[in-house]
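Novice: Once you've had a glance at the structure underneath, I'll fire off some questions.
Numbering (full-length UniProt numbering), first residue to last: 1 to 276.
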């Protein structure tokens with residue numbers, strides 16, 4: 001039987017006096033209005049596969065049309081108490097940094113500075129041909145110039161990767177790279193893609209620098225997250241998991257706290273950050 005209050009106190013006692021590395025997943029952003037892929041009640045969906053994106057013009061139109069509308073909603077969400085709690089801990093020099101599996105920028109907007117986006121970010125776009133990178137705002141403006149009919153629906157179902165489903169993709173014009181005319185892709189890791197080695201190395205270094213690891217809002221079923229936790233396990237570094245629902249690493253954690261990240265991380269930060 002779960003004893004959340006006792007588990008929370010054990011987590012605080014374990015983390016106190018240690019510099020903490022943080023790994024976050026979709027669960028930390030649900031209170032901001034971004035749903036979890038795998039949480040209770042998550043709708044079934046078919047994420048974009050990289051090879052399909054590259055090989056199918058129709059798939060690219062469908063993806064970019066939905067992604068544009070989803071991104072417009074994505075940019076309107078705000079950080080929640082969980083993001084702010086981690087930013088407070090970083091400001092107090094209690095954490096080594098955050099390796100996040102999320103493609104939003106809510107950690108940064110909450111005030112965190114040392115953030116590695118393992119699966120990329122929605123806020124930049126790169127050309128698969130020449131490699132140039134562009135701010136998403138610039139590409140969004142071009143999308144709306146080419147597709148003046150497109151408007152943000154009053155009700156859209158936002159996905160964790162910033163995508164939504166729409167029916168008008170056959171009329172959608174995808175902008176080419178402004179420099180070479182090549183194929184543009186948001187800087188997120190699609191299914192079938194590898195995490196860039198330099199990005200994974202930065203995330204690994206963040207985790208390796210911790211004297212404890214705090215996992216917040218991840219079910220730990222994605223390979224990139226489990227590879228990072230293996231770094232901690234091999235170094236015999238204790239792992240604390242905060243999540244709603246079971247995770248794949250519960251048996252290996254020193255403590256698992258059942259609960260939402262907003263309230264739980266706030267309590268942890270309140271206990272660990274010395275008052276001024």
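Every residue gets a Cβ at the ideal spot worked out from N, C-alpha and C, and that includes glycine.
According to DSSP, is residue 248 part of a helix, a strand, or is it coil?
Specialist: Coil at residue 248, not helix or strand.
Novice: Output needed for residue 264: all residues of its chain with C-beta closer than 7 Å, excluding positions within five of it in sequence on either side, in chain order.
Specialist: Correct list, in chain order: 8, 242 and 257.
Novice: With residue 241 as the anchor, note down where its beta strand (DSSP E) starts and where it stops.
Specialist: First-last of the beta strand (DSSP E) with residue 241: 239-243.
Novice: How would you call residue 228, buried or exposed, if buried means at least 16 neighbouring beta carbons within 10 angstroms?
Specialist: By the 10 Å Cβ count, residue 228 comes out buried.
Novice: Could you work out which residue in 3, 6 and 13 is closest to residue 273 when comparing CA atoms only?
Specialist: Cα-wise, what sits closest to residue 273 is 13.
Novice: Going by beta carbon distance, what residues of the same chain come within less than 7 Å of residue 252, once the five residues before and after it are set aside?
Specialist: Once the five neighbours on either side are set aside, the close Cβ partners of residue 252 are 233 and 239.
Novice: Taking 9 Å as the CB-CB limit, is residue 93 close to chain B?
Specialist: The structure shown contains no chain B; it is built from a single protein chain.
Novice: State buried or exposed for residue 192, treating a residue as buried only when at least 16 other CB atoms are found within 10 Å of its CB.
Specialist: Exposed, because fewer than 16 other Cβ atoms sit within 10 Å of the Cβ of residue 192.
Novice: Go ahead and pull the three-state DSSP assignment for residue 125.
Specialist: If DSSP states are grouped into helix, strand and coil, residue 125 belongs with the strands.
Novice: Considering only DSSP beta bridges, list what residue 191 is partnered with.
Specialist: Note: residue 191 sits in a beta bridge opposite 49.
Novice: Please classify residue 173: does DSSP put it in a helix, a strand, or coil?
Specialist: Residue 173: coil per DSSP, three-state reduction.
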